[in-house]
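A.B. asks: Structure in structure tokens, see below.
In our numbering, the protein residues as written are 44 to 788.
Here it is in structure tokens:
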């Protein structure tokens, strides 16, 4: 018996070959009807024998294209008097629901083979793509996803591309970015003739030049990673003294020459997302020590666009491929802007004329305990929706000041922006506001609630103030946002003990938090423990100079040790710190675990002044990785009312005693073991008191691989169920997800 159904499918079903897949599936079953893209969904009308329609619906889910993600299917039987003759793809239409957009995808194996085939018409074509790979989010100007709503609209398809586009048997059937040498984008070196481009790029790299290369979501600054002079020159020009640079390497064999790579890491390196993966250095020879100073890891990615591979044909050595920007600013995406902003950094500019609609940086991840940890969520991952276990009203969460992302949510879905950067100046704020407007327009979510960080001096707080007349504006404490971020990320709805450890966050009592322990669920959260507050003199200047954090602590609690520990520090600096501590002026009190890492790093003489956020703690971790020490230092836990205060005075006192007797690496490792023991002991006390067995770890401190390596197995051995972040960063790049909780229905 024949029936007719209307079907509506939500999810990532546009720009991923879904319509061609449905077309072929329907034709193979002799079903009739049509499919069209609508706003945020696809609509299908299907007519035919009931058994075949049932198989169609089963295969729709089982055999869906690899890049698609079906979130919901609605089916309704209808009476249709007319008999449909065939199955077709019809013109897209708009409706009111919100949208799902595919992230950009690395070149697929099929396109790679065609690009390498001298007989193929796209041999060595730098913009080859199909329905299974290539640009998506970065070229979409509006939805539904059709060519005339992408930055490809300016390129008129040639006859042969047009044939492929309309051929149901082609891999490029309805592939919106389809193009070739005859009709597509072109690549050129600024100021030069458009011939032998990749050969010239190889020559410039060999000469030690710095290249600004327009990529998928913005510009890269590239140079030879084995050329020390070129690397130093890039550091000087980019104003990035020591923060590690990302590398791109030709293939897995090259990566394995320089780094240890386990099975999980290799899988992620080769994945369709192609992020930068942090890998342990095996053989640093050839690569300049200035690529990642004082670090045991290199951030490495494989080529992910066709023209990356074509560059390696003429320059097979490892390349620095760092974001095309001045440090900590958003990545640059436009040719003219790049030429203006990067003119004092790059020697050569490589442009193309496929406009980038939305900037997106490279994602950064690492694997620890066989689990993926995202440090920066951007290309390949964003703007993939995060499904959450609660319903929210249309809500915009503005994120934090450092490593900013924002989140836009509605119902059970949150769309987190790609990494924006640090919101510390008006230029970055302007880009931030532009991206927010783009998200609201693209995803068709008009926020009714706006959530910002509690810190009164954040630029995002100022931004939020402007909207008080137009919508409900709410503030949430930074570390509580970390707590909720973890719960929403992992879909946890019951009670959990959560350690929220990072560098800074404005507390509800006006102090600077950062070493917090919470218990709670998606309904309520309670602070049950924290590190005992200690004073830091010098404000933000002290954050950049960890010696002042250490000096402040010793001045307050161990003043007789100052000359012994800090004979080299300027006497004036010591005197000023002493006065400020005594008078309680120009100081802040903090419970920050991140600042304690800085304190110990400075005490051991590892890092007294930092060039980038987290440097002192990272170098302390690198030192500790050299040691097999299993012991830990003493510490105190004092219960005041219902809150435990963790006092590290015994830890610091013992470190000072051992400083002259033991190697730095062993002291550094014992300190890491101490933090692990603090987490374990508090977990056991709170489990006993509150009958909670779930433990969560959130905040930038838990990017520390050594800490994860020691803490998670220990907790699991004690019977705890341990949760870390999975889909969003544990650092401040993930807090906008947690802030969205205030939009809860």
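Cβ atoms here follow ideal geometry from the backbone N, Cα and C, with glycine treated the same way.
Which partner residues of residue 543 appear in the DSSP bridge assignment?
C.D. replies: Here residue 543 corresponds to residue number 500 of the chain shown, with the count starting at 1. Answer is 559, 741, bridged to residue 543.
A.B. asks: Please report whether the beta-carbon of residue 661 lies at a distance below 9 Å from any beta-carbon of chain C.
C.D. replies: Given the protein chain composition of this structure (a single chain), no chain C is represented.
A.B. asks: Run through DSSP, which three-state label would residue 158 get?
C.D. replies: Start at 1 with the first residue of the chain shown, and residue 158 comes out as number 115. Three-state result, residue 158: helix.
A.B. asks: Where does residue 496 sit, in a helix, a strand or coil, going by DSSP?
C.D. replies: In the chain shown, residue 496 corresponds to position 453, counting from 1. Strand.
A.B. asks: Going by DSSP, what residues sit across from residue 782 in a beta bridge?
C.D. replies: Taking the first residue of the chain shown as 1, we reach residue 782 at position 739. Residue 782 is not bridged to any residue.
A.B. asks: At which residues does the beta strand (DSSP E) containing residue 570 begin and terminate?
C.D. replies: For the purposes of this step, residue 570 is taken as residue 527 along the chain shown, with counting starting at 1. Counting along the chain, the beta strand (DSSP E) containing residue 570 begins and ends at 568-574.
A.B. asks: Using beta-carbon positions only, say whether residue 222 and residue 195 come within less than 9 Å of one another.
C.D. replies: The residue you call residue 222 lines up with position 179 of the chain shown. The residue you call residue 195 lines up with position 152 of the chain shown. Against a cut-off of 9 Å, the Cβ pair of residue 195 and residue 222 comes out as a contact.
A.B. asks: Could you compute how far the alpha carbon of residue 46 sits from the alpha carbon of residue 507?
C.D. replies: Residue numbering aside, residue 46 sits at position 3 when the chain shown is read from its first letter. Residue numbering aside, residue 507 sits at position 464 when the chain shown is read from its first letter. Residue 46 and residue 507: Cα-Cα distance of roughly 53 Å.
A.B. asks: Look at residue 526 and residue 722 and say whether their C-beta atoms are less than 9 Å apart.
C.D. replies: Here residue 526 refers to the residue found at position 483 when the chain shown is read from its first residue. Here residue 722 refers to the residue found at position 679 when the chain shown is read from its first residue. No, the Cβ-Cβ distance between residue 526 and residue 722 is not below 9 Å.
A.B. asks: Measure from the alpha carbon of residue 123 to the alpha carbon of each residue in 150, 252, 113, 49, then state which is nearest.
C.D. replies: By one-based count along the chain shown, residue 123 stands at place 80. Among 150, 252, 113, 49, the Cα nearest to that of residue 123 belongs to 49.
A.B. asks: What span of residues does the beta strand (DSSP E) with residue 617 cover, start to end?
C.D. replies: As a working note, residue 617 is residue 574 in the chain shown. First-last for residue 617: 614-626, but that is the alpha helix (DSSP H), not the beta strand (DSSP E).
A.B. asks: Which stretch, first to last residue, makes up the beta strand (DSSP E) that contains residue 437?
C.D. replies: In the chain shown, residue 437 corresponds to position 394, counting from 1. Element bounds for residue 437: 429-440.
A.B. asks: Please tell me whether residue 673 and residue 546 are closer than 9 Å, where the distance is taken between their beta carbons.
C.D. replies: Numbered from its first residue, the chain shown carries residue 673 at position 630. Numbered from its first residue, the chain shown carries residue 546 at position 503. Not closer than 9 Å, so no.
A.B. asks: Below 8 Å, can you find three or more Cβ-Cβ pairs linking the stretch 529-536 to the stretch 706-716?
C.D. replies: No: the two stretches stay apart, fewer than three of their Cβ pairs being nearer than 8 Å.
A.B. asks: I believe residue 217 touches residue 132 by the beta-carbon criterion, under 8 Å. Please report the beta-carbon distance rounded to the nearest angstrom.
C.D. replies: Sequence index remark: in the chain shown, residue 217 carries index 174 (1-based). Sequence index remark: in the chain shown, residue 132 carries index 89 (1-based). Correct: roughly 6 Å between the Cβ atoms.
A.B. asks: Let me check one thing: in DSSP terms, what residues is residue 29 bridge-paired to?
C.D. replies: Residue 29 cannot be examined here, being either before or after the span of the chain that is shown, 44 to 788.
A.B. asks: Can you name, in chain order, every residue of its own chain whose Cβ lies under 8 Å from the Cβ of residue 95, other than the five neighbours on each side?
C.D. replies: As a working mapping, residue 95 is identified with position 52 in the chain shown. Excluding positions up to five away in sequence, the list reads 72, 73, 74.
A.B. asks: Do you know how far the Cα of residue 290 is from the Cα of residue 272?
C.D. replies: Taking the first residue of the chain shown as 1, we reach residue 272 at position 229. Taking the first residue of the chain shown as 1, we reach residue 290 at position 247. Roughly 16 Å between the two C-alpha positions.
A.B. asks: Spatial neighbours of residue 455 within its chain, please: C-beta separation below 7 Å, excluding the five flanking residues on both sides.
C.D. replies: As a first step, residue 455 must be located in the chain shown, where it is residue number 412. Around residue 455: 430, 431, 434.
A.B. asks: Could you check whether the Cβ of residue 216 sits closer than 8 Å to any heavy atom belonging to the ligand GDP?
C.D. replies: Although the ligand GDP was asked about, the structure shown includes no ligands whatsoever.
A.B. asks: By a C-beta neighbour count over all protein chains shown, 10 Å radius and 16 as the cutoff for buried, is residue 237 buried or exposed?
C.D. replies: Translated into the one-based positions of the chain shown, residue 237 becomes position 194. Burial call: exposed.
A.B. asks: Residue 359 and residue 257 - do their beta-carbons sit closer together than 9 Å?
C.D. replies: Numbered from its first residue, the chain shown carries residue 257 at position 214. Numbered from its first residue, the chain shown carries residue 359 at position 316. No. Outside cutoff.
A.B. asks: By Cβ distance below 7 Å, which residues in the same chain neighbour residue 367 in space, the five residues on each side in sequence not counted?
C.D. replies: Against the chain shown, residue 367 aligns to sequence position 324. Excluding positions up to five away in sequence, the list reads 255, 261, 262, 263, 264, 374, 375, 381, 385.
A.B. asks: Note down the Cα distance separating residue 199 from residue 570, rounded to an integer number of angstroms.
C.D. replies: Reading the chain shown from its first residue, position 156 is the one you call residue 199. Reading the chain shown from its first residue, position 527 is the one you call residue 570. Cα to Cα, the separation comes out at about 60 Å.
A.B. asks: Going by alpha carbons, who is nearest to residue 205 out of 225, 311, 277?
C.D. replies: Here residue 205 corresponds to residue number 162 of the chain shown, with the count starting at 1. For the residues 225, 311, 277, the minimum Cα distance to residue 205 belongs to 225.
A.B. asks: In whole angstroms, give me the CA-to-CA distance for residue 111 and residue 58.
C.D. replies: Residue 111 sits at position 68 when you count from the first residue of the chain shown. Residue 58 sits at position 15 when you count from the first residue of the chain shown. Cα to Cα, residue 111 sits roughly 9 Å from residue 58.
A.B. asks: From what residue to what residue does the beta strand (DSSP E) around residue 521 run?
C.D. replies: Indexing the chain shown from 1 puts residue 521 at position 478. Residue 521 -> not in any beta strand (DSSP E); alpha helix (DSSP H) instead, spanning 521-533.
A.B. asks: From which residue to which residue does the alpha helix (DSSP H) around residue 753 run?
C.D. replies: Within the chain shown, the letter at position 710 stands for residue 753. Per DSSP, residue 753 belongs to the alpha helix (DSSP H) from 748-760.
A.B. asks: Indicate the three-state DSSP secondary structure (helix, strand or coil) for residue 195 in the structure shown.
C.D. replies: Taking the chain shown and counting its residues from 1, one reaches residue 195 at position 152. Residue state, collapsed to three classes: helix.
A.B. asks: So which of 667, 643, 685, 675 has the shortest CA-CA distance to residue 699?
C.D. replies: Position 656 of the chain shown holds residue 699. Among 667, 643, 685, 675, the Cα nearest to that of residue 699 is on 643.
A.B. asks: Measure the alpha-carbon distance for residue 388 versus residue 379 and round it to whole angstroms.
C.D. replies: Locating residue 388 in the chain shown gives position 345, where the first residue counts as 1. Locating residue 379 in the chain shown gives position 336, where the first residue counts as 1. Cα to Cα, residue 388 sits roughly 15 Å from residue 379.
A.B. asks: Any chance the stretch 421-429 sits against the stretch 500-517, with 3 or more Cβ pairs inside 8 Å?
C.D. replies: With a cut-off of 8 Å, the stretch 500-517 and the stretch 421-429 do not count as touching, because too few Cβ pairs lie within range.
A.B. asks: Tell me whether the beta-carbon of residue 79 lies closer than 9 Å to the beta-carbon of residue 102.
C.D. replies: Start at 1 with the first residue of the chain shown, and residue 79 comes out as number 36. Start at 1 with the first residue of the chain shown, and residue 102 comes out as number 59. In this structure, residue 102 does not lie closer than 9 Å to residue 79 by Cβ.
A.B. asks: Which term fits residue 553, buried or exposed, when burial requires 16 or more other beta carbons within 10 angstroms of its beta carbon?
C.D. replies: Here residue 553 refers to the residue found at position 510 when the chain shown is read from its first residue. By the 10 Å Cβ count, residue 553 comes out exposed.
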